[in-house]
Amino acid sequence: MNDRAGSELDIALVNALQLNPRADWSELAGALRHAPKTLARRWGALSGSGSAWVTVGPGQGFLRHGCAAFLTVTCRPGARQNVAEALVAEPGVVSMSATSGAADFLVDAFAPDLDGLYELLSERIETVEGIAGVTSLVGLTTYREGSRWRAQALDLEQSTRLTRPEAAAPRRPGPAPDALDSALLAALSYDARTPWADLADQCGTTGPTARRRVEKLIASGRIALRCEGAHTLLGPVVPTTFLLTVPPDEMNHAGEVLGRLAQCRVVEAITGPSNLLLTMWFRGTAEIAPFEAALVRELPSLAIADRYVSLRTHKRGGHILDTAGRSIAVIPPTPLFAAAGERWTSGVRQGCVIGPSRMTAGPPPGAMSPVS
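Heads up: the sequence shown begins at 1 in the UniProt record's numbering, then just goes up one per residue.
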């Protein structure tokens, strides 16, 4: 029995774009066995409704270029609404969920460097009215990041046709993004399938230059393109984040084992009493306890210190989500592609309303870019 809400073609299309986010329709047509016009029409409907989108996120090698931290945020009584609006509006907060447990919100925060991370925490998050406390867990090593999660809708032959070999990451980090790089990536945050020529027109360059710049940043591991979908399309998802402790000499083994799990979204070595963070996407809460039992059988030296079940995802990869998980607005995650020491603009300044049934926010596409 299929508990997914979307059509099989729509889910397969999302899966295909997870494997190859900028594949052209003719390339996708061969693998999905549908006409290019049919696929283009289906994608237009999905992206137009906010049910699926392709955007920019941190790459597997982002920590070689910048800083990431996972934050648990607690609020004073009655302040969750105000705090949620402020966190959603902050571009340094790339993803944010309301959670069960001791914390009110779980946040993925990014900055160009440690100074930028300190500024984000001390001046832009901890000062939010209504926040009672913030605990930060700094990322050390990424074993898996969100762009590698798959909808599991394609067969082996289809997946093989669409998967491109990954280039080896450069041995040294390349130069920091300049103003053109930042403008290109900010534009792609709204729609990472924007044709190169259109992207070039938006950013004042040429198509070949735009393509070369973006592909270089992807190859460096700093950023990755990712295709996301609402749970109304892909089916129910219960994001659950575990704080784990493993012996230091077993860290790499544990990270690699966990990163190979189909339901795994993120695995990161972190600072703090627990040294490994794992986010899994389950179909329901009934899957959590059996997973924990299997986990400690597979990795006997591992201990589960805590877990947070996402009750509502407000923001993912810079996209603001409604209660159905659809993308309704975008705040480009400018800290992902800002140079060290560079300041970035604040996010939604006006009109952000988080209510029980919907969330709306500005600004219009093109309004966000890093500033010195």
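Cβ coordinates follow ideal geometry from the N, Cα and C atoms, glycine included.
Item to check | DSSP beta-bridge partners of D306 | outcome: L243
Checklist entry - So, are the CB atoms of V56 and S189 less than 9 Å apart? => result yes
Next on the checklist: Going by the DSSP bridge assignment, what does C228 pair with across the sheet?
Outcome noted: Reading off the sequence, residue 228 comes out as Glu, not Cys. Listed as beta-bridge partners of E228 by DSSP are W53.
Item to check | Buried versus exposed, by CB contacts within 10 Å (16 or more), D155 | outcome: exposed
Checklist entry - Hey, how far is the Cα of V257 from the Cα of G44? => result 37 Å
Checklist entry - Three-state secondary structure (DSSP) at T74? => result strand
Next on the checklist: P335 and P91 - do their beta-carbons sit closer together than 9 Å?
Outcome noted: yes
Next on the checklist: I need the straight-line Cα distance from I270 to T74, nearest angstrom please.
Outcome noted: If you draw a straight line from the Cα of I270 to the Cα of T74, it is about 20 Å long.
Checklist entry - Hey, E268 and L276: beta-carbon distance below 9 Å or not? => result Cβ distance < 9 Å, so E268 and L276 count as in contact.
Item to check | Segment limits, alpha helix (DSSP H) that includes F291 | outcome: Here the alpha helix (DSSP H) through F291 covers I288 to E298.
Checklist entry - To the nearest whole angstrom, what separates the beta carbons of D113 and G59, a pair I think is in contact under 8 Å? => result D113 to G59, Cβ: 17 Å. No contact.
Next on the checklist: My output table needs one value for P58: the three-state DSSP class, helix, strand or coil.
Outcome noted: strand
Checklist entry - Should Q81 go down as buried or exposed, given a rule of 16 or more other Cβ atoms within 10 Å for buried? => result exposed
Checklist entry - With 16 other CB atoms within 10 Å as the buried threshold, where does K315 fall? => result K315 is buried by the Cβ-count criterion.
Checklist entry - What's the C-alpha gap between N20 and G139? => result 27 Å
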